[in-house]
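Colleague: In numbering that gives the first Met the number 0, the protein residues as written are 0 to 349.
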Amino acid sequence: MARDPSLWSKTHLIEVFQVKSNMLNRATGLKLVSIAAAALLAGAAQAVPTVDLGAAKGFSAFILGNVDHANDVEGRMAVGGNMNTTGLSINYRTPYGTTGPALVVGGDLKYVGGRIYGTAPQGVDSTIGAGPNPSGWTADGKGYGVYGGSSTGSSLDHDLRKQSNVIDFAAAKTKLEATSNSLTTWGKTGSTEEKWSSVYLTGTKSAVEVFNVGTNSFSNLVLTNVLADALVIVNYTGSASEITFSGGQITKQLGLVTETAHQNLLFNFANASKVNVNTYVGGSILAPNADIFSNGSHLEGQLIAKSLKNPLEIGYSPLISAVPEPESYAMLLAGLGVIGFLARRRKIGN
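Have a look at this one:
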């Protein structure tokens with residue numbers, strides 16, 4: 000039976016918390032707190048959807064196989080196979096405090112020209128502006144890359160280090176395929192209509208919106224009746240192996256009004272073997288079995304794919320997960336612990 004995404008909203012999580020809090024009010028002791036906390040976490044796990052990108056989380060581009068050409072990646076990049084690139088600028092939008100290599104290549108690396116930037120300085124919002132070093136700041140030190148095979152190139156700006164097995168790309172492939180296949184089973188919430196050479200997606204104002212699209216021509220998408228901060232999943236459910244983005248500014252035509260709204264949008268192509276990105280696309284693409292071709296357009300989101308055949312500009316706009324971060328659970332547990340401790344003290348005092 001398809002799950003109802005309306006049960007995945009933050010409101011439902013709050014309701015679960017309130018129920019568990021009422022249980023605490025009827026009893027005392029740390030033991031009961033532990034029981035309630037476990038029940039809360041179990042309820043939350045069932046209530047909130049999971050878009051688990053595994054090792055790909057935190058990378059603007061995560062390519063499981065080879066990269067034949069790349070020229071502009073605003074965040075970090077991981078390549079499971081070999082990479083051949085000329086003039087690649089990378090990592091210049093990665094926020095302050097991010098650790099680890101800006102570039103991870105599992106195989107051989109040929110890197111000619113370009114630059115690996117460091118993360119933004121403390122206090123600088125590197126996600127605002129255009130081009131390297133937005134707002135005029137200077138990169139906070141040089142970033143570095145790692146490779147597992149051999150390295151050739153001509154630029155003196157690169158800090159490249161021989162280091163194998165930084166990422167288990169085989170395990171990452173298995174995880175990403177499982178995630179992509181799982182998303183196709185999520186029950187659809189909105190309706191899809193093709194007319195006037197456009198695809199109209201009408202939502203239900205739920206915290207999570209799921210649309211199933213049968214056409215392999217992603218042109219002139221129009222999204223309506225969707226909350227500004229909703230997680231939007233667009234599943235391709237047709238039989239064609241090749242998908243093409245064309246025809247305009249996808250983000251603007253989707254009606255996503257804020258600059259970061261595309262971070263809530265994921266195009267899921269579980270069975271595609273080829274994706275053409277021939278226009279600006281505002282949203283992330285999950286296509287673990289697809290080769291990506293482009294005419295030099297821009298993707299403002301994460302790219303997760305089998306290979307990258309042509310240069311494609313990739314922005315720094317990681318998918319915002321609907322799942323609370325571990326720190327949120329820690330805060331809930333801490334709050335429950337305090338409630339139980341105070342309740343116990345009151346009982347002892349009486």
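We treat Cβ as the ideally placed atom computed from N, Cα and C, and that holds for glycine.
According to DSSP, is A60 helix, strand or coil?
Modeller: Looking at A60 - three-state DSSP - the assignment turns out to be strand.
Colleague: Do the CB positions of Y110 and L159 come within less than 9 Å of each other?
Modeller: Yes, Cβ-Cβ distance for Y110 and L159 is below 9 Å.
Colleague: Mind the definition here: the region 70–84 touches the region 308–316 only if three or more C-beta pairs lie below 8 Å; say whether that holds.
Modeller: The answer is yes - the region 308–316 touches the region 70–84, with three or more Cβ pairs under 8 Å.
Colleague: Report yes if the C-beta distance between T183 and T118 is below 9 Å; otherwise report no.
Modeller: No, Cβ-Cβ distance for T183 and T118 is not below 9 Å.
Colleague: Short of 6 Å in beta carbon distance, which residues of its chain neighbour F210, apart from the five on each side in sequence? Order them along the chain.
Modeller: The answer, listed in chain order, is G189, T191, L200 and V233.
Colleague: When the Cα atoms are used, what is the spatial distance from S272 to N164?
Modeller: If you take the alpha carbons of S272 and N164, they lie about 26 Å apart.
Colleague: With a cut-off of 8 Å on the beta carbons, I'd call L175 and G282 a contact; round off their distance for me.
Modeller: Wrong, their Cβ atoms sit about 17 Å apart, outside the cutoff.
Colleague: Within 10 angstroms of the Cβ of K161, are there 16 or more other Cβ atoms? Answer buried if so, exposed if not.
Modeller: With fewer than 16 other Cβ atoms within 10 Å, it is exposed.
Colleague: Look up H297 in the DSSP assignment and give the residues it is bridged to.
Modeller: DSSP, once it has assigned bridges, lists E312 as partnering H297.
Colleague: For A171, which of N224, G64 and A239 has the nearest alpha-carbon?
Modeller: Looking at the Cα atoms, G64 is the closest of the given residues.
Colleague: In this structure, how does DSSP classify L52 when only helix, strand and coil are distinguished?
Modeller: L52: coil per DSSP, three-state reduction.
Colleague: Going by C-alpha to C-alpha distance, which of S218, S238 and T203 sits closest to V225?
Modeller: Checking every option, the nearest Cα to that of V225 belongs to T203.
Colleague: Relative to the C-alpha of E299, which residue among K141, A289 and V276 is closest?
Modeller: That would be V276, whose Cα lies nearest to the Cα of E299.
Colleague: Determine whether the beta carbon atoms of L285 and N263 lie at a separation below 9 Å.
Modeller: No, these two residues do not count as a Cβ contact at 9 Å.
Colleague: Find out if the Cβ-Cβ distance for the pair G112, S153 is shorter than 9 Å.
Modeller: It is a contact, given that the beta carbons lie within the stated cut-off.
Colleague: Please classify S179: does DSSP put it in a helix, a strand, or coil?
Modeller: In the structure shown, S179 sits in a helix (DSSP, three-state: H, G or I).
Colleague: With distances taken Cα to Cα, identify the nearest neighbour of V221 among H297, A169 and G246.
Modeller: That would be G246, whose Cα lies nearest to the Cα of V221.
Colleague: Hey, how far is the Cα of P94 from the Cα of P120?
Modeller: Distance between the alpha carbons of P94 and P120: 8 Å.
Colleague: Excluding the 5 residues flanking W195 on each side, which residues of the same chain have their C-beta closer than 7 Å to its C-beta?
Modeller: Around W195: no qualifying Cβ.
Colleague: Please report the distance separating the alpha-carbon of A169 from that of K305.
Modeller: A169 and K305: Cα-Cα distance of roughly 12 Å.
Colleague: Decide if E73 is buried, meaning its Cβ has at least 16 other Cβ atoms within 10 Å, or exposed.
Modeller: Buried, since its Cβ has 16 or more Cβ neighbours within 10 Å.
Colleague: Where does N263 fall in DSSP's three states?
Modeller: Here N263 sits in helix by DSSP.
Colleague: To which residues of the same chain is G142 closer than 6 Å at the C-beta, ignoring the five residues directly before and after it?
Modeller: Hits under 6 Å: N90, A101, I115, Y116 and G117.
Colleague: Here's a check: name, in chain order, each residue in its chain whose Cβ is nearer than 6 Å to the Cβ of L108, leaving out the five neighbours to either side.
Modeller: The residues are M82, Y146 and S150.
Colleague: The beta strand (DSSP E) with F244 in it runs from where to where?
Modeller: Per DSSP, F244 belongs to the beta strand (DSSP E) from E241 to S245.
Colleague: Using DSSP with H/G/I as helix, E/B as strand and the rest coil, what is K204?
Modeller: Looking at K204 - three-state DSSP - the assignment turns out to be coil, as it is neither helix nor strand.
Colleague: Count the other C-beta atoms from every protein chain shown that fall within 10 angstroms of the C-beta of T278, then say buried if there are 16 or more, exposed otherwise.
Modeller: Classification for T278: buried.
Colleague: Could you check where the beta strand (DSSP E) with S306 kicks off and where it finishes?
Modeller: It spans L302 to L307 - the beta strand (DSSP E) in which S306 sits, taken as one unbroken run.
Colleague: My understanding is that S125 touches Q301, with C-beta atoms under 8 Å, so please give their C-beta distance in whole angstroms.
Modeller: With 8 Å as the limit, S125 and Q301 do not qualify as a contact, their Cβ atoms being about 17 Å apart.
Colleague: Would a C-beta distance cut-off of 9 Å place T243 and S205 closer than the cut-off?
Modeller: Not a contact, by the Cβ cut-off of 9 Å.
Colleague: DSSP state of F217, grouped into three classes?
Modeller: Of the three classes helix, strand and coil, the one that applies to F217 here is strand, per DSSP.
Colleague: How many angstroms separate the CA atom of D51 from the CA atom of S197?
Modeller: Rounded to whole angstroms, D51 to S197 spans 30 Å at the Cα level.
Colleague: Identify which residue in V207, E193, A239 and D167 has its Cα closest to the Cα of I319.
Modeller: The residue with the shortest Cα to Cα distance from I319 is V207.
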